[in-house]
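S.K.: The structure's right below; bear with me while I get my questions together.
Numbering (UniProt numbering), first residue to last: 1 to 232.
Printed below as a string of structure tokens:
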């Protein structure tokens, strides 16, 4: 793990961008920061490989959470970016995490020891409810993922994932962009398939002019048509 800086070097201001802490006053954020350790990671560096029970706040950057089977099969659970947190499950139930976490971009993280995190949630109702809301969202996401893996064919899983990842613009609501687009191998790992299947499907969607790639960005040219392909 990267070397930690003291909280005095950081203060509470960077924590104001964390969604679950947004209702805290500047003084309350400063009080949380006292117990935080600060870390910097370059893109591609491993943040966690061994069991760990701290809660992490992503002040800047993006991380990826990965699980490996006993056979070494990689499953990408999700990506998290600035304003997100991870590790709260281990803090709540006392079971240390066994996932691998890597930095997708240069990242700045603040880690909060388990007892400090529990004290925070017990003493502040707004934080407690925000964490509950976050956990509920994770459960819904996992339910959707189980449904997708259980009922959709591979091509539809790929199309659904593109729709989920795409960001739309108010001026062009039927268009979306994924920036940066995950590699074909990463998409395959998310969707329990193989890279070749992802490549074939993306090539077919490009041939039909539903998507187009520009550099590291994937543009969805017709969100409605892509959605109908899944439901058709």
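All C-beta atoms, glycine included, are put in the ideal place defined by N, C-alpha and C.
Out of 164, 98, 107, point me to the one whose CA is closest to residue 61's CA.
M.R.: That would be 107, whose Cα lies nearest to the Cα of residue 61.
S.K.: If I measure Cβ to Cβ from residue 131 and keep anything under 7 angstroms in the same chain, skipping five residues before and after, which residues do I get?
M.R.: 20, 88, 121
S.K.: With 16 other CB atoms within 10 Å as the buried threshold, where does residue 136 fall?
M.R.: Around the beta carbon of residue 136, a 10 Å sphere encloses fewer than 16 other beta carbons of the protein chains shown; the residue is thus reported as exposed.
S.K.: Alpha carbon to alpha carbon, how far is residue 178 from residue 64? Give it in angstroms, no decimals.
M.R.: 16 angstroms
S.K.: If we ignore side chains and look at the alpha-carbon of each, how far apart do residue 140 and residue 192 end up?
M.R.: 19 angstroms
S.K.: Using alpha carbons as the reference points, say which of 93, 94, 161, 25 lies closest to residue 76.
M.R.: 161
S.K.: Tell whether a beta-carbon distance below 8 angstroms holds between residue 49 and residue 100.
M.R.: yes
S.K.: Spatial neighbours of residue 229 within its chain, please: C-beta separation below 7 angstroms, excluding the five flanking residues on both sides.
M.R.: 159
S.K.: Going by the DSSP bridge assignment, what does residue 74 pair with across the sheet?
M.R.: 68
S.K.: Go to residue 189, then tell me how far its alpha helix (DSSP H) extends in each direction, as first and last residue.
M.R.: 184 to 191
S.K.: Here's the rule: buried if 16 or more other CB atoms are within 10 angstroms of the residue's CB, otherwise exposed. What is residue 176?
M.R.: Buried.
S.K.: Put residue 161 into one of helix, strand or coil per three-state DSSP.
M.R.: helix
S.K.: Using the Cβ count rule (16 or more neighbours within 10 Å means buried), how would you classify residue 182?
M.R.: buried
S.K.: Look at the Cβ atom of residue 118, then the Cβ atom of residue 54, and state whether they are nearer than 8 angstroms.
M.R.: no
S.K.: Since residue 90 is in the beta strand (DSSP E), which residue starts that stretch and which ends it?
M.R.: Residue 90 -> not in any beta strand (DSSP E); alpha helix (DSSP H) instead, spanning 88 to 93.
S.K.: Kindly give me the distance between the Cβ atoms of residue 56 and residue 109, rounded to whole angstroms, as I take these residues to be in contact under 8 angstroms.
M.R.: 5 angstroms
S.K.: Can you find a heavy atom of the ligand COA that lies under 7 angstroms from the Cβ of residue 215?
M.R.: The ligand COA is not part of this structure, which contains no ligands at all.
S.K.: Can residue 197 and residue 154 be called in contact, C-beta distance under 8 angstroms?
M.R.: Yes. Within cutoff.
S.K.: Residue 44 and residue 103: beta carbons closer than 8 angstroms?
M.R.: yes
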